[in-house]
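Under the numbering used here, the first residue of the sequence shown is numbered 7, with each subsequent residue one higher. Virtual Cβ for every residue (Gly too), placed ideally from N, Cα, C.
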Amino acid sequence: MRVLVTGGAGFIGANFVEHAVAQGAEVTVLDLLTYAASPDALAALPQVRLVVGDVADAAVVEPLVAEHDVVVHFAAESHNDNSLRDPGPFIRTNLVGTFTLLEAVRRTGARLHHVSTDEVYGDLALDDPARFTEDSPYRPSSPYSASKAGSDHLVRAWGRSFGVRATLSNCSNNYGPWQHVEKFIPRQITNLLDGGRPKVYGTGAQVRDWIHVADHSAAVWTILERGVPGETYLIGADGERTNLDIVRTLLRLLGRDAEDYDLVADRPGHDQRYAIDSTKLRRELGWTPRFADVEAGLADVIAWYRGHEDWWRPVKAGTEAAYAARGQA
Ligand code: NAD
Ligand code: DAU
């Protein structure tokens, strides 16, 4: 199988590329190598071809798609806080980029898998026991989640109107190696490794549903193998934790006092709770997560960041300066 992976130099995309190669796929990565990319994550896979280019550029995308049987679309601007500061790149990459890919697969007949997020469903109240399902209404809150919601709508419309063979998945919060230090867990781990304190938005009562990135990759591969075009699958591993729970776990794992964190300015429009019901993916396609224990996963990730300081150190100070400018440091 010849697979084109957009955003394959990013946090999740690179993990998926490793998974796909291990499954015997011939992989090409299309990635613009923005600030969020980690080409180092592909260094151990010399058989993977890397094309540096913009998913919103039809002149790059069309010929490349024509050479592949399957396209797996990860490329996106992915950080909510950045979308609040400057939404423009989110509209271009997440909406125009998805449109550009759809036009290309429409012409070539390649199969598409579109990688999306649980944030398209908005948030749940902290005291609401419900979880998101494939039938939950779309209610995105931020420019990032609205752009992802729009991209999902485009994929479904191209399926119905033009017969594009596409599957979609909406996954919960990922953690694991190679995640940029702007994101919650790597930011707190690297603060702690530097002897500093975790920075918690608002009260820290918000809930995220954590999944190890390797489980996300395996789920996407399962959908490629057994998913039905036109269908959507929610991906989650029953990993709900408050942000304060996560911070206190990291503090404990690093031998620090459980209250040794700072509350900082909240994120405007901060979504309260995400929670995924992944019954459809488990029952219909037989997927199950392998990393059920978030605490054990976090211990591994701490060790990984300790061992990869040469990778994150060059961008840490600049990332923290951007947070400081917003009163979040
Ligand atoms: P990331 O920000 O780490 O990586 C994004 C990658 O896309 C980078 O390598 C970047 O260079 C590339 N890219 C950005 N703009 C591009 C463009 N115009 N053309 C080509 N490449 C471009 O993101 P991530 O966390 O790995 O997320 C990957 C996908 O998974 C996104 O679509 C995101 O919405 C989705 N997702 C993420 C999570 C999560 O917890 N991180 C959860 C669910 C879904
Ligand atoms: O749910 C899936 C989504 O998860 C993906 O679609 C996004 O691409 C991904 O970035 C992530 O979005 P979140 O906004 O949930 O992730 P983030 O890591 O930015 O923040 C997680 C939680 O931690 C959120 O409640 C905000 C909070 N937070 C974040 C940072 C960076 C803090 O309390 N302090 C921080 O310093």
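Query, Result
"With Tyr-375 as the anchor, note down where its beta strand (DSSP E) starts and where it stops.", "Limits of the chain in this structure are 7 at one end and 335 at the other, which puts residue 375 out of reach."
"According to DSSP, simplified to helix, strand and coil, what is Gly-120?", "Strictly speaking, residue 120 in this sequence is His, with Gly absent from that position. Correct three-state label for His-120: strand."
"Does the pairing of the stretch 277 to 292 with the stretch 253 to 261 give three or more beta-carbon distances under 8 Å?", "no"
"Please state whether DSSP places Phe-297 in a helix, a strand or coil.", "coil"
"Hey, Ala-82 and Thr-99: beta-carbon distance below 8 Å or not?", "yes"
"Among Trp-216, Val-126, Pro-95 and Arg-112, which has the Cα closest to the Cα of Leu-38?", "Pro-95"
"Using a 10 Å radius around the Cβ and a threshold of 16 neighbouring Cβ atoms, would you call Val-54 buried or exposed?", "buried"
"How far does the beta strand (DSSP E) with Ala-172 in it reach, from first residue to last?", "172 to 177"
"I want to check one thing, is the minimum distance from the CB of His-276 to the heavy atoms of the ligand DAU below 7 Å?", "yes"
"Since I believe Ala-26 is in contact with Ala-43 (beta carbons under 8 Å), could you give me their beta-carbon distance rounded to a whole number of angstroms?", "Going by Cβ atoms, the distance from Ala-43 to Ala-26 rounds to 18 Å, so no, they are not a contact pair."
"Classify Arg-157 as buried or exposed, calling it buried when 16 or more other Cβ atoms lie within 10 Å of its own Cβ.", "The displayed chain sequence assigns Ser, not Arg, to residue 157. Buried is the call here."
"For Gly-16, is the beta carbon positioned less than 7 Å from some heavy atom of the ligand NAD?", "yes"
"Can you give me the start and stop residues for the alpha helix (DSSP H) that Lys-154 sits inside?", "149 to 168"
"When the Cα atoms are used, what is the spatial distance from Val-321 to Arg-312?", "15 Å"
"To the nearest angstrom, how far is it from the Cα of Gly-154 to the Cα of Thr-123?", "Here the sequence assigns Lys to residue 154, which means Gly is not the residue at that position. Each residue's alpha carbon lies about 7 Å from the other."
"With DSSP collapsed to three states, give me the class of Lys-286.", "helix"
"Beta strand (DSSP E) containing His-79: first to last residue?", "76 to 79"
"Leaving out five residues before and five after His-186 in sequence, what residues of the same chain have Cβ atoms less than 6 Å from its Cβ?", "Ala-42"
"Spell out a yes or no on whether the stretch 173 to 186 and the stretch 225 to 236 are touching, meaning 3 or more CB-CB pairs, one atom from each, closer than 8 Å.", "yes"
"With a threshold of 16 other CB atoms inside 10 Å of the CB of Asp-277, please say whether the residue is buried or exposed.", "buried"
"Give a yes or no on whether the C-beta atoms belonging to Val-219 and Asn-21 are separated by under 8 Å.", "yes"
"For the ligand NAD, is there any heavy atom lying closer than 7 Å to the beta carbon of Thr-12?", "yes"
"Does Ala-323 pass the burial test, meaning 16 or more other C-beta atoms within 10 Å, or should it be called exposed?", "exposed"
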